[in-house]
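From first to last, the protein sequence lines stand for chains A and B.
Take the position in the first sequence, starting the count at 1, then add 29; the result is the number in our numbering.
Take the position in the second sequence, starting the count at 1, then add 29; the result is the number in our numbering.
There are 2 protein chains.
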Amino acid sequence: MESARKAARRAEVERNDRALLRAARAVVAEDGAHAAVATIAARAGVGVGTLYRRYPTKEQLFQHLCSLALDDYLRAAEEGLAHDDPWRGFEHYLTAAVLSGTGGLGAIAGTITVTEEMSATAARGDAAAEELVRRAHDAAVLRADVGPVDIALLIEQLGRSPLVEQLTQQGRTDLVEAAEHARRRVIAVALDGLRAPAPTPLPDPPPGWELFSERWRLPDGPTAP
Amino acid sequence: MESARKAARRAEVERNDRALLRAARAVVAEDGAHAAVATIAARAGVGVGTLYRRYPTKEQLFQHLCSLALDDYLRAAEEGLAHDDPWRGFEHYLTAAVLSGTGGLGAIAGTITVTEEMSATAARGDAAAEELVRRAHDAAVLRADVGPVDIALLIEQLGRSPLVEQLTQQGRTDLVEAAEHARRRVIAVALDGLRAPAPTPLPDPPPGWELFSERWRLPDGPTAP
DNA sequence: CCTTGTGCGGAGCGATCTGCTCCGCACTAC
DNA sequence: GTAGTGCGGAGCAGATCGCTCCGCACAAGG
């Protein structure tokens, strides 16, 4: 049975790939763009050779990582739109986006070459998010003075969890679970702050998307003379 | 006038020191614990020699940085307690702690030796924060289901601003101001989510301080067999 | 003018860490 | 036994790190 063996091989390869991606996401969240390839491979429990057979370059691995993160973000928004209840949909979008574990990837934005596909997915995600916010506004369940960019910023702020990362790095797995529970409480607090009606008006006018448009660009030469 | 000259020297030295500390805080926020000494010196506009005359070691610089950050935190809490209005005091504490610009220092916790003074200041800050929360609870202005550790975690989450850091690094100073305004809006949203009465109960029981007690410890050997 | 004192910048040193290559090994099918 | 296949990790060249140290600018006293 040759095909069975082939299938088993493929399954193992896929398992390795998934472990690799999960490890990469975690390590990047902890170490930022300086994350070393060896660290990622070790965390995934594979050798660097295995990593390099799948991703010929560190940058390609990071690109794939970002691509998946953008997919997650788009999915979170689309799932939110699929809900009938506008608030429930919004809630799902925000929670899923924050908890997708992709929050640390903002750290490598600007260090990789952005592909067409990535920017297209990002645009679709932003459009879906905008629609989600509009719908929640129309139903008067989301406070009127927040805009979609406020939400994006909030997601970014909550997307990383320095505490969980540090506890993971210190190997205090016993505390990690408690930290994640605590994180969900913080998310719930933020969501309550977003409900209509607003108890107090927000300062300054709502920010525009231009804040994030620079996000996915190559960095200029560092302090060129 | 010898003393005048001496005073001028001292003034310049002090200016240098302040620039150094501010640069160090910014660079650490952006690069984490891997922040290079040369980067800090360059950002401050001085040579590495000047930096090393003041701080004989990178670790000593980082320790001083953390010490100042803990002072800021303690001051924020004490200023909050000085307010007559419990909510205003709480608001001041949270806002000041978040905006003190010391949020990025959690990244170097665990990489430096913690001094007695640091842990003492941290303890005093936590005690003051706890008192602040208790007072706000008694006045029924703070939602009853959040505890002081929830607040500490929220401060940590909002303390860093990846977006502002990236924009700074890219030299888009024009957008930085807008990003900071947007950040204040997010803080305001979070504060509204903390007001009593709570629209929805929070999940899980409130976390305890043990989540943070491991924060200021030396890291164990990495993945010891 | 020169000498002395003082704080500064940054070239450069050795050690460490980086992305990446490549080879020996375990394992299976025949 | 032989061939095929995917794996782990030692090891290489170069980049980067913390830190030292020396030449320089500048002011005061002679």
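Ideal Cβ placement from N, Cα and C applies to all residues, glycine included.
Between the beta-carbon of residue 222 of chain B and that of residue 193 of chain A there is about 21 angstroms, and that puts the pair past the 8 angstroms contact cut.
For the set A:216, A:237, A:231, the Cα lying nearest the Cα of residue 120 of chain A is the one of A:216.
Between the region 220-240 of chain A and the region 173-190 of chain A, the count of Cβ pairs shorter than 8 angstroms is three or higher; the stretches touch. Rounded to whole angstroms, the gap between the alpha carbons of residue 200 of chain A and residue 128 of chain A is 21 angstroms.
For residue 163 of chain B, no pairing in a beta bridge is given by DSSP. Close to chain A, meaning a Cβ-Cβ distance shorter than 8 angstroms, are the following residues of the region 185-204 of chain B: 185, 186, 187, 189, 190, 191, 192, 195, 196, 198, 199, 200, 201, 204. Of the candidates B:91, B:170, B:94, B:135, the residue whose Cα lies closest to the Cα of residue 186 of chain B is B:135. Residue environment analysis places residue 150 of chain B among the buried positions, since at least 16 neighbouring C-beta atoms fall within 10 angstroms of its C-beta. Here the C-alpha atom of residue 91 of chain B lies approximately 7 angstroms from the C-alpha atom of residue 141 of chain B. The shortest C-alpha to C-alpha distance from residue 210 of chain B to any of A:206, A:139, A:182, A:225 is the one to A:182.
Taking 8 angstroms as the threshold, the shortest C-beta distance from residue 213 of chain A to chain B falls below it. In the structure shown, residue 224 of chain A adopts extended strand secondary structure according to DSSP, grouped into three states. Relative to residue 139 of chain A, the option among A:88, A:97, A:114 whose CA is nearest is A:88. Per DSSP, reduced to three states, the secondary structure at residue 171 of chain B is strand. Apart from sequence neighbours up to five positions away, the residues of its chain that approach residue 132 of chain A with a beta-carbon distance below 6 angstroms are 188, 189, ordered along the chain. Secondary structure of residue 191 of chain A (DSSP, three-state): helix. Residue 65 of chain B sits in coil when the DSSP states are folded into three classes, being neither helix nor strand. Contact between residue 115 of chain A and residue 164 of chain A holds, since their C-beta atoms are separated by about 5 angstroms, short of 8 angstroms. Rounded to the nearest whole angstrom, the C-alpha separation of residue 98 of chain B and residue 62 of chain B is 15 angstroms.
Residue 113 of chain A is positioned such that its CB atom lies no closer than 8 angstroms to that of residue 83 of chain A.
Closest in C-alpha terms to residue 44 of chain B, from the list B:205, B:68, B:79, B:168, comes B:79.
Short of 7 angstroms from the beta carbon of residue 161 of chain A, and not among the five residues preceding or following it, lie these beta carbons of its own chain, in chain order: 106, 109, 110, 118, 119, 122. For residue 143 of chain B, the three-state secondary structure derived from DSSP is coil. Contact between residue 54 of chain A and residue 94 of chain A holds: CB atoms are separated by about 6 angstroms, below the 8 angstroms threshold. Leaving aside the five residues that flank residue 158 of chain A on each side, the residues in its chain whose CB is nearer than 6 angstroms to its CB run, in chain order, 106, 177. Taking 8 angstroms as the cut-off between beta carbons, the residues of the region 218-230 of chain B near chain A are 218, 219, 220, 221, 222, 223, 224, 227, 228, 229, in sequence order. When CB distances to chain A are screened at a threshold of 8 angstroms, the residues of the region 58-72 of chain B falling below it are 60, 61, 63, 71, in chain order. Counting along the chain, no alpha helix (DSSP H) covers residue 238 of chain A, and no H or E run does either. Only 135, 136, 138, 139 from the region 122-139 of chain A bring a Cβ to less than 8 angstroms from some Cβ of chain B. Spanning the alpha carbons of residue 147 of chain B and residue 96 of chain B requires a straight line of approximately 6 angstroms. Under the 8 angstroms criterion on CB atoms, residue 160 of chain B is classed as non-interfacial with respect to chain A. In the displayed model, residue 127 of chain A falls within a helix according to three-state DSSP. Residue contact check for residue 94 of chain B against chain A: no CB pair falls below 8 angstroms.
Annotation: residue 229 of chain A is outside any alpha helix (DSSP H) and is labelled neither H nor E by DSSP. Cβ-Cβ distances below 6 angstroms link residue 153 of chain A to 103 in the same chain, with the five nearest sequence neighbours on each side left out; the list follows chain order.
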